[in-house]
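Residue numbers (our numbering), protein chains in the order written: chain A, 1 to 350; chain B, 1001 to 1372. Glycine is no exception: its CB is placed at the ideal position from the N, C-alpha and C atoms.
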Amino acid sequence: MTSALTILSRRFFGSLGNSLLTLAVLALLGFVLPPFLRWALFDASFTARTPLACRESGGACWAFVHEKYRLILFGRYPQAEAWRPLAAVLVIVGLIGSACGRFLSLSSLALAAVLGAVAVAVLMWGGVFGLAYVESTSWGGLPLTLILSVTGIVIAFPLAIGLALGRRSRLKLVRSLCIVFIELMRAVPLVSLLFMASFMLPLFMPGEVRIDELPRALVAIALFSAAYLAEAIRGGLQGVPASQEEAARSLGLGPLRATLLVVVPQALRIAIPGIVNVLIALFKDTSLVGIVGLMDLLLATKQALGDPAWRSFSLEAYLFVAALYFGPCFFMSRYSQALERKLRAGAGAI
Amino acid sequence: MRDFLLQALLFGIVLALAGFLVFNVAGNLGARSIHTGFAFLHSEAGFDIGESFLPYDGRSSYGRALLVGLLNTLAVSSAGIVLSTLIGVFVGLGRLSGHPLVGPLASGYVEALRNVPLLLQLYLWYAILNEVLAPDGSAPAFLPGFYLAKSGLHFPVLERAPLAPLFALCAGFAAAAAWTRFAEFRQAQTGSRSASWPAWSLALLPAALLLARMLATDPFGWPQQRRFGFAGGGTLSPELTALLLGLSFYNGAFVAEILRGAIRSVAPGQSDAAAALGLRFKHRLRLIVLPQALRVAVPPLASQYLNLAKNSSLAVAIGYPDLMSVGNTIVNQTGQALEVIGMVMAAYLTLSLSIAAFMNWYNARVRLEGPT
Chain A
1 MTSALTILSR
11 RFFGSLGNSL
21 LTLAVLALLG
31 FVLPPFLRWA
41 LFDASFTART
51 PLACRESGGA
61 CWAFVHEKYR
71 LILFGRYPQA
81 EAWRPLAAVL
91 VIVGLIGSAC
101 GRFLSLSSLA
111 LAAVLGAVAV
121 AVLMWGGVFG
131 LAYVESTSWG
141 GLPLTLILSV
151 TGIVIAFPLA
161 IGLALGRRSR
171 LKLVRSLCIV
181 FIELMRAVPL
191 VSLLFMASFM
201 LPLFMPGEVR
211 IDELPRALVA
221 IALFSAAYLA
231 EAIRGGLQGV
241 PASQEEAARS
251 LGLGPLRATL
261 LVVVPQALRI
271 AIPGIVNVLI
281 ALFKDTSLVG
291 IVGLMDLLLA
301 TKQALGDPAW
311 RSFSLEAYLF
321 VAALYFGPCF
331 FMSRYSQALE
341 RKLRAGAGAI
Chain B
1001 MRDFLLQALL
1011 FGIVLALAGF
1021 LVFNVAGNLG
1031 ARSIHTGFAF
1041 LHSEAGFDIG
1051 ESFLPYDGRS
1061 SYGRALLVGL
1071 LNTLAVSSAG
1081 IVLSTLIGVF
1091 VGLGRLSGHP
1101 LVGPLASGYV
1111 EALRNVPLLL
1121 QLYLWYAILN
1131 EVLAPDGSAP
1141 AFLPGFYLAK
1151 SGLHFPVLER
1161 APLAPLFALC
1171 AGFAAAAAWT
1181 RFAEFRQAQT
1191 GSRSASWPAW
1201 SLALLPAALL
1211 LARMLATDPF
1221 GWPQQRRFGF
1231 AGGGTLSPEL
1241 TALLLGLSFY
1251 NGAFVAEILR
1261 GAIRSVAPGQ
1271 SDAAAALGLR
1281 FKHRLRLIVL
1291 PQALRVAVPP
1301 LASQYLNLAK
1311 NSSLAVAIGY
1321 PDLMSVGNTI
1331 VNQTGQALEV
1341 IGMVMAAYLT
1351 LSLSIAAFMN
1361 WYNARVRLEG
1371 PT
């Protein structure tokens, strides 16, 4: 007991510098924490029915979140049909969970993904099985954010593998086209690409083709992420020894099959940390679509704050949404670290 | 021969695609009777810009408006790079310190800031400025002369000879660099090491003397708190303050992780060996650990700074007139989307390429010579 105390006190007060640091941090915490806790918990109002009652309590007004959660989570989707976006979110989360948990074989996972995509489309659009038709312009909130992220990844991934391979191609034209595309996408901000897609994609299409705002934004996000993803995968490709491809070729595999079956899988494994970083960035970046008017989680929150009666509770609303974004991002980074450890252990055993 | 045919085929496809797009654009522009060209740059903009480094009013041209936006983007990016580096150094060292309070606190900071979208953080900062802070009349000064109020950050400015201390500082650093050169030369000749205090005093003395002289007569323009608003002093608008705080704290978390990773990548044996040779802590850090760590840190730092510059375009969401938001306003007014968005993207491209070029040059300087 004494020894534990001694160790503890040595870590906190072992030297003059450490003691000063400890005291400074304690003073800072003492200065910041009590008022924050009083605001966020003790004086906060969780159940007030009116903004006035909320303001009287003097603390945070979490009742705002309770009042507006439908608008924040589902945007302008028709109120009576709110179960449909909820079900779509559950389907997407279930799919991601079963992919991460790895209790399905690869082929049944692919089947589940296709079925899940169809289910989400049916749930969100409707128009069949007696479900009322809902236009994609009135989708919003969490389902929109998830659909943008997942579809963005699904489009970007094969494109990125192609770009990464193309950047290492023997053919000069292929190589330079890939380099120009990747470097151009990485050099400009996503906002400018979103504006470009929003203003200029209609100009690029034949006059009679109309494209909604949702696919426009999706194109911008997918192309942008593909460039970053391609760079992450290229790093992985560089880590695969050339002997791997030579061995595959000497076993009689053609160049295409040697690349896709032998080199790319190993490259993807090496590139996992970089790939997950891009995925996290993509998930966070979907919040920018609000700038071109798509009702994602963040813009729906701003919309909820537009109600004049509840206007002054934006801190509460933003903290709530911040927690919604934090969860998946934090999970992704931890999951990638665990995966990396596991794969490293596996590679060591071979 | 096969390679050549493949490339020719690809070239044909690319050409056809480009032709298809150009044909569509021409048709669409004709149908909407939009005239392409850059003539609109000379016509009157007719909208106001709140913050500008150049003389600008509603009668100025669109071209000038874009220039004002570009300068604002450059200013915000450079200030953000400096601030995020400072934050990153402190937080990164905090995570490395192994102190039982500071370490977890720094980790919590990094995790919380990295995993929440920057745009949301900008809105949060803006909301804090707007809702939590006191109105101008009753905002307390958090340092003498510094006020953080609803109308932004107010601070004292040097009114007479504002650049003189900066020049003095530069002169001081030049003298210090010369002294260090001389000391190194002497060490190489005689083997005896000179003390380092003359360098530090040379660096800071001129500026300190000048400041002391100036302070004797109070050269500052102090912000004066009135009932509604402030008069005098310098002001950062709430939009700019929120943008700067958001960019710096968000990117600071990434910089902290880069620096921590770089310092940990230096094998501990390096520091141990230096200690065994009798080098003191500060010399171990300066001569052994930091040069090796910087080599690792520079490439990811460069791309982080690039990200910061590009992320400054989120200003459009909170209404700070940077290049992107000025461009957006112009597109909405004139409909010249092709030209304006093209110019804005070209400007970001140039900015990115110049930062990349500078960092490549620096990287080449700190890189290991020869094969490792």
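For residue i: DSSP bridge partner residues
| i | result |
| --- | --- |
| Val1157 (chain B) | B:Gly1221 |
| Ser136 (chain A) | According to DSSP, which records beta bridges pairwise, Ser136 (chain A) is partnered with nothing at all. |
| Cys61 (chain A) | A:Ser45 |
| Glu1044 (chain B) | B:Ser1061 |
| Thr301 (chain A) | Thr301 (chain A) pairs with nothing; no bridge assigned. |
| Phe331 (chain A) | Looking at the DSSP assignment, Phe331 (chain A) forms no beta bridge with any residue, so it has no partner. |
| Pro1147 (chain B) | Inspection of the sequence shows that residue 1147 (chain B) is occupied by Tyr rather than by Pro. Answer is B:Ala1141, B:His1154, bridged to Tyr1147 (chain B). |
| Phe1230 (chain B) | B:Gln1225 |
| Asp296 (chain A) | A:Gly141 |
| Leu1236 (chain B) | B:Leu1153 |
Rounded separation between residue i and residue j - CA only
| i | j | result |
| --- | --- | --- |
| Gly1019 (chain B) | Val1025 (chain B) | 10 Å |
| Met1345 (chain B) | Gly1221 (chain B) | 39 Å |
| Leu16 (chain A) | Leu1083 (chain B) | 29 Å |
| Leu104 (chain A) | Ser98 (chain A) | 7 Å |
| Gly348 (chain A) | Met1343 (chain B) | With a pLDDT of 46 at Gly348 (chain A), under the threshold of 50, the predicted position of this residue should be treated as unreliable, and no value is reported. |
| Ala1199 (chain B) | His1099 (chain B) | 32 Å |
| Arg352 (chain A) | Ile1288 (chain B) | An answer regarding residue 352 (chain A) cannot be provided, because it is not within the stretch 1 to 350 covered by chain A. |
| Ser1052 (chain B) | Glu1239 (chain B) | 13 Å |
| Ile350 (chain A) | Ala1112 (chain B) | Model confidence at Ile350 (chain A) stands at a pLDDT of 40, short of 50, so the residue's coordinates are unreliable; what they give is reported in the following sentence. Looking at the two C-alpha atoms, the distance is approximately 38 Å. |
| Leu1290 (chain B) | Leu1204 (chain B) | 23 Å |
| His1042 (chain B) | Arg1284 (chain B) | 59 Å |
| Lys1282 (chain B) | Val1296 (chain B) | 20 Å |
| Lys342 (chain A) | Cys100 (chain A) | 13 Å |
| Leu1071 (chain B) | Leu1351 (chain B) | 12 Å |
| Asp1272 (chain B) | Ile1318 (chain B) | 50 Å |
| Leu282 (chain A) | Ser149 (chain A) | 7 Å |
| Leu1215 (chain B) | Asp1136 (chain B) | 27 Å |
| Trp83 (chain A) | Gln238 (chain A) | 47 Å |
| Leu1259 (chain B) | Ala1302 (chain B) | 12 Å |
| Val1421 (chain B) | Ala113 (chain A) | An answer regarding residue 1421 (chain B) cannot be provided, because it is not within the stretch 1001 to 1372 covered by chain B. |
| Pro1165 (chain B) | Pro1156 (chain B) | 15 Å |
| Gly1327 (chain B) | Val1340 (chain B) | 6 Å |
| Val65 (chain A) | Leu1210 (chain B) | 55 Å |
| Tyr69 (chain A) | Glu135 (chain A) | 21 Å |
| Val25 (chain A) | Leu1202 (chain B) | 34 Å |
| Glu1044 (chain B) | Phe204 (chain A) | 29 Å |
| Phe12 (chain A) | Arg1095 (chain B) | 15 Å |
| Thr1241 (chain B) | His1154 (chain B) | 10 Å |
| Arg1114 (chain B) | Gly1092 (chain B) | 14 Å |
| Phe1038 (chain B) | Leu1017 (chain B) | 25 Å |
Distance cut-off 7 Å: residue i Cβ against heavy atoms of the ligand MG
| i | result |
| --- | --- |
| Leu73 (chain A) | Absence of the ligand MG from the depicted structure is noted, as is the absence of any ligand whatsoever, leaving it without description. |
CB contact below 8 Å: residue i versus chain D
| i | result |
| --- | --- |
| Met205 (chain A) | Although the question refers to chain D, the structure presented lacks it and instead comprises the protein chains A and B. |
Is the region 293–304 of chain A touching the region 133–142 of chain A, taking contact as three or more C-beta pairs under 8 Å?
Under the 8 Å Cβ criterion, the region 293–304 of chain A counts as touching the region 133–142 of chain A, having at least three qualifying pairs.
Note to self: Using 8 Å as the cut-off, can you tell me whether the region 252–266 of chain A makes contact with the region 176–194 of chain A, which would need three or more C-beta pairs spanning the two stretches below that distance?
What the structure shows: no
- Task: Anything in the region 1116–1140 of chain B with a Cβ closer than 9 Å to a Cβ of chain A? List those residues in chain order, please.
- Result: From the region 1116–1140 of chain B, only Val1116, Pro1117, Leu1118, Leu1119, Leu1120, Gln1121, Tyr1123, Leu1124, Tyr1126, Ala1127, Ile1128, Asn1130, Glu1131, Val1132 have a Cβ closer than 9 Å to chain A.
*Is there contact between the region 120–140 of chain A and the region 155–164 of chain A, where contact requires at least three CB pairs shorter than 8 Å?*
no
Q.
Would you call the region 1242–1251 of chain B in contact with the region 1298–1313 of chain B, where contact means no fewer than 3 C-beta pairs closer than 8 Å?
A. yes
Quiz item: Just by C-beta distance, which residues in the region 168–197 of chain A are closer than 9 Å to chain B?
Solution: Within the region 168–197 of chain A, the residues whose Cβ lies closer than 9 Å to some Cβ of chain B are Arg170, Leu171, Lys172, Leu173, Val174, Leu177, Glu183, Leu184, Arg186, Ala187, Val188, Pro189, Leu190, Val191, Ser192, Leu193, Phe195, Met196, listed in chain order.
Check: Any chance the region 1150–1161 of chain B sits against the region 1122–1141 of chain B, with 3 or more Cβ pairs inside 8 Å?
Finding: Because the criterion of three Cβ pairs below 8 Å is met, the region 1150–1161 of chain B and the region 1122–1141 of chain B touch.
**Members of the region 1071–1104 of chain B that neighbour chain A once the beta carbon cut-off is set at 7 Å** = In summary, the residues of the region 1071–1104 of chain B whose CB is separated from some CB of chain A by less than 7 Å are His1099, Pro1100, Leu1101, Val1102, in the order they occur in the chain.
>> Pairs of beta-carbons, one from the region 311–327 of chain A and one from the region 226–233 of chain A, closer than 8 Å: are there three or more?
In response: The region 311–327 of chain A makes no contact with the region 226–233 of chain A; the number of CB pairs closer than 8 Å stays below 3.
Under 7 Å, CB to CB, which of the residues in the region 270–291 of chain A have a partner in chain B? Lys284, Ser287, Leu288, Ile291
For this session: Please determine if the region 190–199 of chain A and the region 264–277 of chain A are in contact, where contact requires at least 3 C-beta pairs separated by less than 8 Å.
Result: no
query: Does the region 20–39 of chain A come close enough to the region 1101–1108 of chain B that 3 or more CB-CB pairs lie under 8 Å?
result: yes
As an exercise, report each continuous beta strand (DSSP E) stretch of at least 3 residues that is fully enclosed by the region 208–272 of chain A, in chain order.
none
Report the residue ranges of all alpha helix (DSSP H) runs contained in full by the region 116–203 of chain A; include only those spanning at least 4 residues, in chain order. 141–167, 172–187
Sufficient close CB pairs (3 or more, under 8 Å) joining the region 210–220 of chain A to the region 284–294 of chain A: yes
*Near-chain B residues of the region 22–43 of chain A (beta-carbon distance less than 7 Å), N- to C-terminal order*: Thr22, Val25
- Query: At a cut of 8 Å, does the region 1060–1069 of chain B reach the region 1221–1233 of chain B through at least three beta carbon pairs?
  - Reply: no
The region 312–328 of chain A: positions lying closer than 7 Å to chain B by Cβ | Ser312, Ser314, Leu315, Tyr318, Val321, Ala322, Tyr325, Phe326
*Looking at chain A, which residues of the region 1315–1336 of chain B have a Cβ within less than 7 Å of any of its Cβ atoms?*
Here the close residues are Val1316, Ala1317, Met1324, Asn1328, Val1331.
message = Under 8 Å, CB to CB, which of the residues in the region 1007–1020 of chain B have a partner in chain A?
response = Gln1007, Leu1010, Phe1011, Val1014
| Using a Cβ cut-off of 8 Å, which residues of the region 296–311 of chain A contact any Cβ in chain B, in chain order? | Going along the region 296–311 of chain A in chain order, one finds Leu298, Lys302 with a Cβ nearer than 8 Å to chain B.
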